[in-house]
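One structure is given below, encoded as structure tokens.
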Amino acid sequence: MLHRLLLLAPLACLLCGAFGHAADSKKPNVVFILADDLGYREIGSFGQKLIKTPHLDELARQGMRLTQHYCGNAVCAPSRCVLMTGKHPGHAFVRNNRSTPPEGQWPIPDSEITLAELFQEQGYVTGAFGKWGLGGPQSSGRPLKQGVDRFFGYNCQGHAHSYYPSYLWSDEQHVALKNNPPIPGHSGLAAGADPSDPRSYDAFKGQDYAPDRIHEQALEFINDNRDRPFFLYYPSVIPHVALHVPDEELQAYTALGWKDPPFTREKSGYTPHFTPRAAYAAMISKLDTQVGSLLQRLEELGLRENTIVVFTSDNGTTHLGDEVDYEFFDSVGELRGLKGSLYEGGVRVPTIVSWPGHVPAASESDRLSGFEDWMPTLLEMVGSPQATPEQCDGISMARTLRGDTQAPRPYLYREFTGYGGQQSIRVGPWKAVRQNMTQGNLEIELYNLAEDIGETKNVAAEHPDLVAQLAEKMEAVRTPSSDFPLIPLDAPVRSKR
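Read in order, the letters of the sequence shown correspond to residues 4 to 500 in my numbering.
See below:
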């Protein structure tokens with residue numbers, strides 16, 4: 004390892020100079036904002052017409068849009084695992100959502116090296132504010148065990164289904180939200196309630212809106228650490244359902260007079276809402292306002308010029324029921340699929356990177372990239388490329404983000420054990436997909452995304468040699484998992500945890 008570090012030291016110095024911060028007294032800060040279930044076309048700079056996102060649109064004008072960037076996986080926890088560990092889904096420890104009682108998700112082990120731990124090693128103070136989802140409060144995966152110095156928010160994804168919970172986590176302690184009545188994210192209208200009466204939905208309104216409390220703590224973290232380099236991970240719960248949003252944000256959209264029939268919880272288990280379209284739009288605008296607030300605080304403290312800001316989403320638009328009308332909002336445009344799918348609409352996510360004076364303003368890149376790439380990319384951008392672990396699957400995008408030409412990514416692999424079992428791999432414009440694998444289906448669909456972004460024409464029969472090559476590649480780049488077996492490729496044996 005020492006030999007490896009000595010070899011990479013000259014490269015590190017060269018890259019520091021390339022990003023222009025080697026002589027600075029303070030390394031650049033990093034603010035990584037992760038939306039929850041935000042679709043590819045749900046912000047203005049990626050084509051949204053109905054939902055207002057002025058702050059994110061301004062961030063795009065200040066930086067670079069990545070138009071072929073892929074989240075880690077098709078649902079929350081495995082996507083975040085890819086982001087935090089730099090391993091693609093065929094090597095990542097967590098490959099699907101799985102709850103562990105009494106609270107939390109299947110934990111990443113102590114042996115994993117996380118992005119937060121690597122920033123700690125480079126002298127950064129690290130904070131996470133929002134939804135964690137990588138291990139319960141007593142597990143090896145809890146935030147403070149995985150490189151986070153300060154945590155505030157939801158440990159458990161299920162708990163995060165309510166925006167008006169009775170408590171949140173502050174580091175490893177409960178903090179009560181005393182003004183909230185119990186409002187679970189999964190409940191229905193009272194017996195005998197009139198679904199056409201807006202008062203029937205008042206039971207789902209609280210007073211302490213958890214994203215506001217979380218946001219306050221994130222701003223405080225910036226204030227407290229203005230004089231030292233910090234890594235702020237901001238995994239917002241917005242716009243994941245349930246449809247919970249304060250009335251002041253909601254009114255901006257109910258005033259527009261959209262035809263907006265009530266969501267009464269007939270097709271999914273989340274809480275009802277009288278004006279679901281307005282609520283969903285208001286939630287995304289709420290997130291946009293919070294992004295603007297973070298950027299404003301950086302400006303006020305004189306930190307913006309020395310802060311890398313990344314905005315992206317953990318997967319595509321939710322698919323669960325009528326509460327999110329993705330067709331009305333054109334949430335994924337021409338893309339096929341939603342959350343839970345390895346088709347483009349489930350995994351291609353809106354992504355913006357801004358660093359004034361370093362990332363070209365109002366720029367765009369269509370180079371293929373994924374969540375596993377953030378670990379080497381950010382470490383290189385802060386001048387520590389040698390810190391990237393050997394087991395990281397990511398490829399640094401730093402040259403692309405500087406506006407330089409960079410070699411194409413050789414491939415991008417995804418697998419997801421849920422929703423019937425799925426695999427996909429991209430090589431250039433070609434994308435191979437397998438669906439319903441647990442039913443024994445190993446047939447490969449093949450799409451040329453350069454000509455068919457909507458994945459409407461399966462051309463596998465026309466390219467048998469390419470299909471065979473991609474099938475072989477999918478087998479070669481993954482390792483079996485006993486905890487999250489991809490049936491029928493892996494044996495269904497689960498370890499105890």
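Glycine included, each C-beta is placed from N, C-alpha and C at the ideal position. Please read these numbers as outputs of a predicted model, since none were measured by experiment.
Contact holds between the stretch 313-321 and the stretch 32-48, because three or more Cβ pairs, one in each stretch, are under 8 Å apart. The count of Cβ pairs closer than 8 Å, one atom from the stretch 139-153 and one from the stretch 99-114, reaches three, so the stretches are in contact. Note on the stretch 430-496: whole alpha helix (DSSP H) runs with a minimum of 4 residues are 467-479, in chain order. A direct Cα-Cα distance of roughly 43 Å separates Y273 from R405. In the DSSP assignment, R351 forms a beta bridge with Y73. P214 is the residue among A193, V430, P214, E347 whose C-alpha sits nearest the C-alpha of S165. 8 Å or more divides the Cβ of R370 from the Cβ of R417.
When DSSP states are grouped into helix, strand and coil, E393 belongs to the coil group. Contact annotation: the stretch 338-358 touches the stretch 425-435, with at least three C-beta pairs closer than 8 Å. Annotation: V350 to H247 spans about 24 Å, alpha carbon to alpha carbon. Counting C-beta atoms within 10 angstroms of its own C-beta, L301 has 16 or more neighbours from the protein chains shown and is therefore classed as buried. No Cβ-Cβ contact shorter than 8 Å links Q394 with K134. Ranking G260, Q254, K208, F154 by CA distance to the CA of E219 puts F154 first. Taken in chain order, the whole beta strand (DSSP E) runs of length 3 or more contained in the stretch 286-342 are 310-316. For the stretch 223-275, the continuous alpha helix (DSSP H) assignments of 4+ residues that do not extend past its boundaries occur at 250-257, in sequence order. Contact annotation: T117 and T88 have beta-carbon atoms nearer than 8 Å. Cβ contact annotation for K148 (same chain, cutoff 8 Å, sequence separation greater than five): D113, G138, S142, in chain order. Judged by DSSP in its simplified three-state form, V356 adopts strand.
Around D376, the same chain offers G397, I398, M400 as residues with beta carbons nearer than 6 Å, after the five sequence neighbours per side are excluded. Distance from the CA atom of A245 to the CA atom of L290, rounded to whole angstroms, is 15 Å.
A direct Cα-Cα distance of roughly 31 Å separates H243 from P31. As DSSP reads the structure, T129 sits in a beta bridge with F234. With respect to T257, L192 sits apart: the two C-beta atoms are not nearer than 8 Å. By the C-beta density criterion, K55 is buried, having at least 16 other C-beta atoms within 10 angstroms. Under the DSSP assignment, V85 falls in the alpha helix (DSSP H) whose first and last residues are 79-88.
Judged by their CB atoms, I36 and F314 are nearer to each other than the 8 Å cut-off.
H58 sits in a helix when the DSSP states are folded into three classes. In the DSSP annotation of this structure, the continuous segment of the alpha helix (DSSP H) that includes E120 starts and ends at 118-124. For R370, no alpha helix (DSSP H) segment is defined, and its DSSP state is neither H nor E. Collapsing the DSSP output to three states places Q176 in a strand. DSSP, reduced to helix, strand and coil, places G156 within a strand of the structure shown.
Per DSSP, the unbroken alpha helix (DSSP H) holding E383 starts and ends at 377-384. According to DSSP, residue pairing for K134 in a beta bridge involves Y157. Rounded to the nearest angstrom, the Cβ distance from E175 to A390 is 27 Å, too far for a contact under 8 Å.
Its chain contains H164, A245, G272, Y273, T274 as the residues whose beta carbon lies nearer than 8 Å to that of H189, once the 5 sequence neighbours on both sides are disregarded; these appear in chain order.
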